[in-house]
Amino acid sequence: MKKYQTKKLADKDILFMSSGGTPSREKLEYYKGDIVWLKSGELNDSQHINNSEEKISEDALKNSSAKIFPKNTVLFAMYGATAGKLGILDMPAATNQAVAGMICNEKVLYYKYLFYFLFNTREKIIDKAWGGAQPNLSQTIIKRIEIPLPPLEIQKKIVERIEKMMAKIDEGRKLRKEAMADASSLIPSALNKIFKEGKNKGWEEKTISEITEKTEKINPADFFDKKFSYIDITSVSKSVDHIVRARILPVEKAPSRARNLVKEEDIIFATTRPYLKNIIIISKDLSGSVASTGFCIIRSNKKMVDPKYIYYIVDSDYFLSRIIPLQRGASYPAVSDSDIYNQKIPLPPLPEQKKIVKYLDSLSAKIGKVKDMQGQTNKELKELEKAVLREAFVERSC
Numbered sequence: 000m001k002k003y004q005t006k007k008l009a010d011k012d013i014l015f016m017s018s019g020g021t022p023s024r025e026k027l028e029y030y031k032g033d034i035v036w037l038k039s040g041e042l043n044d045s046q047h048i049n050n051s052e053e054k055i056s057e058d059a060l061k062n063s064s065a066k067i068f069p070k071n072t073v074l075f076a077m078y079g080a081t082a083g084k085l086g087i088l089d090m091p092a093a094t095n096q097a098v099a100g101m102i103c104n105e106k107v108l109y110y111k112y113l114f115y116f117l118f119n120t121r122e123k124i125i126d127k128a129w130g131g132a133q134p135n136l137s138q139t140i141i142k143r144i145e146i147p148l149p150p151l152e153i154q155k156k157i158v159e160r161i162e163k164m165m166a167k168i169d170e171g172r173k174l175r176k177e178a179m180a181d182a183s184s185l186i187p188s189a190l191n192k193i194f195k196e197g198k199n200k201g202w203e204e205k206t207i208s209e210i211t212e213k214t215e216k217i218n219p220a221d222f223f224d225k226k227f228s229y230i231d232i233t234s235v236s237k238s239v240d241h242i243v244r245a246r247i248l249p250v251e252k253a254p255s256r257a258r259n260l261v262k263e264e265d266i267i268f269a270t271t272r273p274y275l276k277n278i279i280i281i282s283k284d285l286s287g288s289v290a291s292t293g294f295c296i297i298r299s300n301k302k303m304v305d306p307k308y309i310y311y312i313v314d315s316d317y318f319l320s321r322i323i324p325l326q327r328g329a330s331y332p333a334v335s336d337s338d339i340y341n342q343k344i345p346l347p348p349l350p351e352q353k354k355i356v357k358y359l360d361s362l363s364a365k366i367g368k369v370k371d372m373q374g375q376t377n378k379e380l381k382e383l384e385k386a387v388l389r390e391a392f393v394e395r396s397c
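Going by numbering that gives the first Met the number 0, the sequence shown opens with residue 0, and the numbers climb by one from there.
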């Protein structure tokens with residue numbers, strides 16, 4: 000592969016680099032203009048930046064170090080959690096001081112070539128900038144970077160080749176995402192079919208309170224000798240469908256909300272922000288734990304209802320659509336235990352419930368497999384993306 004001469008990004012023959020500034024926050028009128036003003040946290044590797052969370056006025060521009068960068072400026076976040084994130088301006092815009100703007104000399108450096116070069120090398124750049132908990136880059140560090148500089152036409156061909164490959168990778172992501180969406184719709188679709196069938200068969204409806212048993216409220220200090228397992232709202236993660244952080248606490252440090260004694264196959268339903276669907280079934284190893292009063296505890300009367308059947312119902316969009324309108328409170332929207340217990344659900348005969356649960360379990364297993372494949376595919380596509388960029392830039396410098 001042919002090698003090309005390199006130039007440092009500090010070389011003003013190939014680009015001009017600068018950063019922006021933040022107008023005085025004391026002047027509220029400075030933030031009532033229509034000039035796009037970007038902060039580093041807004042960069043997300045987009046090549047089409049044309050808007051910002053905040054906009055500033057002409058006076059803000061005149062009375063601060065903020066400046067307008069032209070269209071096609073390549074942006075590079077220098078500070079904090081988003082350090083290394085990139086962007087390309089679709090229109091003239093200003094930035095704060097945490098963003099480096101690079102204006103290419105169009106005769107020698109194609110802005111998209113620079114973008115992909117930085118995309119490929121940013122991990123190395125960030126490695127040089129660690130200070131404290133987060134990386135802090137500077138223009139000085141960025142300017143030391145050397146970029147291989149083939150003729151402009153070759154730069155454009157390199158970009159064209161990269162973008163063809165990236166388009167295929169994006170198509171792969173899109174197809175996998177669609178497969179995940181299709182898989183996720185399996186259970187809601189099945190439940191809708193089941194409910195329609197229930198109406199045709201004349202299944203009775205009962206409130207949750209009619210098919211559940213009373214649960215125990217306890218004080219851990221009176222119930223346990225030394226320690227107990229505590230499940231609070233943060234212990235539940237819907238993303239992985241199980242309790243992730245049940246804590247072992249000494250009884251003297253029991254929170255005032257630690258009052259719900261739970262048993263195997265109890266369903267715990269977080270009543271604050273119910274739309275998050277933090278709902279799980281207690282496993283055998285967590286039986287005897289104490290759950291926060293922030294959960295409604297649903298203990299099935301097993302002579303009438305299968306616990307898993309109730310779980311699939313209360314975890315459904317069908318159930319949620321009836322609960323959400325009952326939320327109270329602006330900062331912490333919540334429903335009460337009574338709101339949940341008073342909901343009516345279709346109740347087929349117990350043998351029919353078990354058939355439904357078996358069917359929904361099989362769908363759930365399929366969804367789990369698709370999720371696993373999605374995670375693996377995303378990893379592989381990310382690696383492929385890196386490989387495409389490595390291949391485009393490897394050994395091009397001399």
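Each residue gets a CB set at the ideal place from its N, CA and C atoms; glycine is no exception.
Ser363 has its alpha-carbon roughly 13 angstroms from the corresponding atom of Asp181. The Cβ neighbour count for Gly86, taken over all protein chains shown within 10 Å, is at least 16; the residue is labelled buried. Contact annotation: Lys262 and Ser288 have beta-carbon atoms that are not nearer than 7 angstroms. Scanning the region 44-81 for uninterrupted beta strand (DSSP E) segments of 3 residues or longer gives 45-48, 53-55 and 73-76, listed from N- to C-terminal end. With 16 or more neighbouring CB atoms inside 10 Å of its own CB, Gly293 falls in the buried class. In the displayed model, Val158 falls within a helix according to three-state DSSP.
Nearest in C-alpha terms to Glu390, of all of Leu60, Tyr115, Phe68 and Lys7, is Tyr115. Restricting attention to beta strand (DSSP E) runs no shorter than 3 residues, the region 221-258 encloses them at 226-230 and 246-249, ordered along the chain. Arg244 places its beta carbon 7 angstroms or farther from that of Tyr229. Around the C-beta of Thr270, 16 or more other C-beta atoms lie within 10 Å, and the residue is accordingly described as buried. In the three-state DSSP reduction, Tyr3 falls in the strand class (E or B). Between the C-alpha atoms of Gln138 and Ser17 there is a straight-line separation of about 8 angstroms. Inter-residue distance for Ile102 and Met165 is about 24 angstroms (C-alpha atoms, whole angstroms). Linking Pro273 to Ile279 through their CA atoms gives a straight-line distance of about 13 angstroms. Distances from the CA of Tyr112 to each of Thr72, Ser39 and Asp371 were compared; the closest alpha carbon is that of Thr72. Val235 and Leu148 have their C-alpha atoms some 52 angstroms from each other. Take Tyr311, set aside five residues on each side of it, and the residues of its chain with a beta-carbon closer than 6 angstroms to its own are Leu359, in chain order.
A residue is called buried when at least 16 other Cβ atoms come within 10 angstroms of its Cβ; Glu264 meets this threshold and is buried. Contact between the region 330-350 and the region 292-306 is established, with three or more Cβ pairs separated by less than 8 angstroms.
The DSSP-derived three-state label of Pro149 is coil. Per DSSP, the continuous beta strand (DSSP E) segment holding Gly86 begins and ends at Leu85 to Leu88. Taking a 10 Å sphere around the C-beta of Arg160, we find fewer than 16 other C-beta atoms and assign the residue as exposed.
In the displayed model, Lys216 falls within a strand according to three-state DSSP. In its chain, beyond the 5 residues on either side, Tyr30, Trp36 and Lys38 have a beta carbon closer than 8 angstroms to the beta carbon of Glu53. The criterion of a C-beta distance shorter than 7 angstroms is not satisfied by Leu42 and Lys70. For Ser17, DSSP records a beta bridge to Gly100.
A check of alpha carbon separations from Asp284 across Ser291, Lys195, Phe227 and Leu325 identifies Phe227 as the nearest. With fewer than 16 other Cβ atoms inside 10 Å of its own Cβ, Ile323 counts as exposed. Here Asp231 is actually not in contact with Ser315; their C-beta atoms are around 25 angstroms apart, not less than 8 angstroms.
If you look at Ser363, you'll find it in the alpha helix (DSSP H) that goes Leu349 to Phe392. In the structure shown, Thr270 adopts coil according to DSSP, grouped into three states. Per DSSP, Ser208 has no beta-bridge partner at all. Pairing Tyr109 with Gln154 gives a Cβ-Cβ distance under 7 angstroms. As the crow flies, the alpha-carbon of Thr81 is around 38 angstroms from that of Ala253.
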